[in-house]
Amino acid sequence: MLKNTRRLVAVAAGAVLVTAGCGAPGDGDDAAQAEPTAATGQADPQTDPAQDGAGPNTDDIPDPVAEVNGTEITKDEFVTVFEGQYQQMAMQAQMTGQPVDEDQLRAQTLEGLVGSELLRQEALERGLEVSDAEIDTALAGFAESNQASEDEFFAAMGEQGLDRDDVMDQIEKQLLVEKLIVDEYGEFSATDEEIEAAYQQLAQQQAMSGGQAGGGLPPLEQVRDEVEEQLVAEQQAQAMQMLSEELREGADVTEHL
672 MLKNTRRLVA
682 VAAGAVLVTA
692 GCGAPGDGDD
702 AAQAEPTAAT
712 GQADPQTDPA
722 QDGAGPNTDD
732 IPDPVAEVNG
742 TEITKDEFVT
752 VFEGQYQQMA
762 MQAQMTGQPV
772 DEDQLRAQTL
782 EGLVGSELLR
792 QEALERGLEV
802 SDAEIDTALA
812 GFAESNQASE
822 DEFFAAMGEQ
832 GLDRDDVMDQ
842 IEKQLLVEKL
852 IVDEYGEFSA
862 TDEEIEAAYQ
872 QLAQQQAMSG
882 GQAGGGLPPL
892 EQVRDEVEEQ
902 LVAEQQAQAM
912 QMLSEELREG
922 ADVTEHL
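Every position in the sequence shown, counted from 1, becomes a number in the working numbering once 671 is added.
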């Protein structure tokens, strides 16, 4: 998978809130290793549950799965996020020996999508907008950061079940939610102390696991930007979770799952 395709789906389609439900950002190995593992490439078909027919059963998913203040969350939206999360958790399960709790994951996926829709609606209510130029710039940034052309980026997203229009819509949603979070909480940043602490945590985790094949963790000066980006992303995810929970209290939400 290209480096930022998962982040795009996560932020725009609601999986960030799903992931937050599985474990708060900054807790445990997964959070600390999120950035390094994002660029490991596509899963090995021999170990990818989605490649051996072991995917989740989605035949009984209703359509729509929910209504949020009158706006439907469709089965297709749900399945795209649910299957992506299931694949990640199934791969982890192969290492831990613990089976994926599909019922729990369904509930987390639905809550994440509801939260994402609440954030989108709140952004629009505040009059926040995303221009075509901003969307085009973000698209170019995704492609460039993955050392891919835009066509290659669209192709990679197609493997995640999103066509070109879906991708552009997801980018718009992502930018809209990001503007909302800044409008509500201001810009996020990480201090030198936080960056160094996160780096030391990752170094300790790698040492405990025997390090990486081909060498250990690069020096901090080489990965400082990546560590800071991850910390800021965790802060944003926490803010999204908190704001979506506040919005849920006064919302008209009907779930069918």
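A virtual CB, placed ideally from N, CA and C, is assigned to each residue, including glycine.
*asked:* DSSP has I744 in a bridge; who is on the other side?
replied: In the DSSP output, where bridge partners are listed per residue, I744 has A737.
*Any chance you could list the alpha helix (DSSP H) runs of at least 4 consecutive residues sitting entirely within the stretch 780 to 829, in chain order?*
803 to 816 and 821 to 829
*Could you give the DSSP three-state label for L926: helix, strand or coil?*
The sequence given here has Glu at residue 926, not Leu. Note: E926 maps to strand in three-state DSSP.
*Using the Cα positions of G694 and E821, report the straight-line distance between them to the nearest angstrom.*
The predicted position of G694 is uncertain, since its pLDDT is 38 and thus under 50; a value taken from the coordinates is nonetheless stated next. Between G694 and E821, the alpha-carbon positions lie close to 33 angstroms from each other.
*Using CA coordinates, which residue listed in D840, L781, T780 and R777 is at the minimum distance from E805?*
It is D840 whose Cα lies nearest to the Cα of E805.
*If you draw a straight line from the C-alpha of E855 to the C-alpha of L846, how long is it?*
14 angstroms
*With a 10 Å radius around its C-beta and 16 neighbouring C-beta atoms as the bar for buried, classify P733 as buried or exposed.*
exposed
*Closest Cα partner of Q779 within the set Q871, Q765, A794 and Q756*: Q756
*Spatial neighbours of V903 in its chain, beta-carbon cut-off 7 angstroms, leaving aside the 5 residues before and after*: F859, S860 and A861
*Look at the Cβ atom of A827, then the Cβ atom of A819, and state whether they are nearer than 9 angstroms.*
yes
*Decide if R777 is buried, meaning its Cβ has at least 16 other Cβ atoms within 10 Å, or exposed.*
buried
*DSSP state of D834, grouped into three classes?*
coil
*To the nearest angstrom, report how far apart Q765 and Q909 are at their CA atoms.*
28 angstroms
*For E858, which of helix, strand or coil comes out of DSSP?*
coil
*Could you tell me which of I842, G812, F753 and Q831 sits nearest to E782, measuring between CA atoms?*
F753
_C-beta atoms of K844 and S787 nearer than 9 angstroms_ = yes
_Exposed unless 16 or more other CB atoms sit within 10 angstroms - verdict on G712_ = At G712, the pLDDT of 32 sits below 50, so the modelled position is not reliable; the number obtained from the coordinates is stated separately. By the 10 Å Cβ count, G712 comes out exposed.
*With a cut-off of 8 angstroms on the beta carbons, I'd call A922 and V739 a contact; round off their distance for me.*
Going by Cβ atoms, the distance from A922 to V739 rounds to 6 angstroms, so yes, they are a contact pair.
_L902 (DSSP reduced to helix, strand or coil)_ = helix
*asked:* I'd like the list of long-range same chain contacts for T708, defined as Cβ closer than 6 angstroms, with 5 residues on each side in sequence excluded.
replied: Residue confidence is low: T708 scores 29 on pLDDT, short of 50, so the model does not pin down where it sits. No coordinate-derived value is stated.
*asked:* Taking its Cβ as the centre, do 16 or more other Cβ atoms sit within 10 Å of T917, making it buried, or is it exposed?
replied: The sequence shown places Glu at residue 917, not Thr. Exposed.
*Which word fits R797, buried or exposed, when buried means at least 16 other C-beta atoms lie within 10 angstroms of its C-beta?*
With fewer than 16 Cβ atoms within 10 Å of its Cβ, R797 is classed as exposed.
*Closest by CA to R895, which one among E743, F825, D863 and G887?*
D863
*Taking the alpha helix (DSSP H) that I866 falls in, what are its first and last residues?*
First-last of the alpha helix (DSSP H) with I866: D863 to M879.
*Residues of its chain near P770, where Cβ-Cβ distance is below 7 angstroms and the 5 sequence neighbours each way are ignored*: A764
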